[in-house]
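Let me begin by presenting the structure, written as structure tokens, before commenting on it.
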Amino acid sequence: MQVKSRHHLRSDAVSDLEETLDEQLGVAPEGDAYERVEFEETDWEVILIDGDPQVAYFDEEPFLTVRGANAYDPDRRLVTVDAGAISFVSDGADVMRPGIVEASDDISPDDLVVIAEESHGKVLAVGRARVEGSDMVGDEGKVVDSLHHVGDELYEFAG
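Heads up: the sequence shown begins at 1 in UniProt numbering, then just goes up one per residue.
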């Protein structure tokens, strides 16, 4: 991915970002340097916290990247998948009900969510919910659209 522009965030923008992530996910990122990076030929924008791509904008909404979610361990908007779903989710597949073992009740349709595997709690992907969290566990149907996953261009980007 070719970088188009890069600039440091002002302190008020950092405060707004931290407040949003705390409300969404119950996490408090900490860093000395916050940089916004825009790319050529893609709509993705990333926030580097101390040089690590920990936040991205999905449809202009800031949310943790897979790296950021693994660094801060969110306790809200969390979807947990079983071992059988790991390879699919890690390859960017949308999440189906049969692979979900648990989803937090604070999830509403169209919310950004963190998708983690059940045995170690490692985050595999970020997606957009199609249904309420309470309606995610079941026998059939797609319930989360994948937006970013382990191994994609955003995950591989190094500030």
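All residues carry an ideal CB built from backbone N, CA and C; glycine is no exception. Note that the structure is a prediction, hence the values are computed from the model and not measured.
* To do: Closer than 7 Å by C-beta to T42: which residues in its own chain qualify, once you throw out the five before and the five after it? Chain order, please.
  => Take T42, set aside five residues on each side of it, and the residues of its chain with a beta-carbon closer than 7 Å to its own are M1, in chain order.
* Could you tell me whether the Cβ atoms of V3 and V37 are closer together than 8 Å? => Going by C-beta atoms, V3 is nearer than 8 Å to V37.
* In chain order, what residues of the same chain have a beta carbon less than 8 Å from the beta carbon of E18, not counting five sequence neighbours either side? -> Contacts found: A28 and P29.
* **Residue from T20, D135 and H8 whose Cα sits closest to the Cα of I107** => Taking only the C-alpha atoms, the option nearest I107 is D135.
* **Alpha-carbon to alpha-carbon, R10 and G138** => Their Cα atoms are separated by approximately 45 Å.
* **Completely contained beta strand (DSSP E) runs for the segment 1 to 86, where each covers 3 or more residues** => Complete beta strand (DSSP E) runs here, min 3: 3 to 8, 34 to 39, 45 to 49, 52 to 58, 61 to 64 and 78 to 81.
* **Outcome for H7 when other beta-carbon atoms lying within 10 angstroms are tallied against a minimum of 16** => Taking a 10 Å sphere around the C-beta of H7, we find fewer than 16 other C-beta atoms and assign the residue as exposed.
* Roughly how many angstroms lie between the CA atoms of L124 and E102, to the nearest whole one? -> So the two alpha carbons sit approximately 15 Å from each other.
* DSSP beta-bridge partners for E117? -> Note: E117 sits in a beta bridge opposite V81.
* Asked: With C-beta atoms as the reference, is residue 160 less than 8 Å away from L64?
  -> Outside the shown range of the chain (1 to 159) lies residue 160, about which nothing can therefore be said.
* **Same chain, Cβ closer than 6 Å to A69, neighbours up to 5 away in sequence not counted** => In the same chain as A69, and ignoring 5 residues on each side of it, the C-beta atoms closer than 6 Å to its own belong to V114 and V123, in chain order.
* Asked: Just reading off the alpha helix (DSSP H) that E156 is part of, what are its end residues?
  -> Boundaries of the alpha helix (DSSP H) harbouring E156: E153 to E156, taken from the DSSP string.
* Asked: Mind checking whether H149 and S104 have CB atoms under 8 Å apart?
  -> Not a contact, by the Cβ cut-off of 8 Å.
* Asked: Of the choices E118, D110, G121 and S119, whose alpha-carbon is the least far from that of S146?
  -> It is D110.
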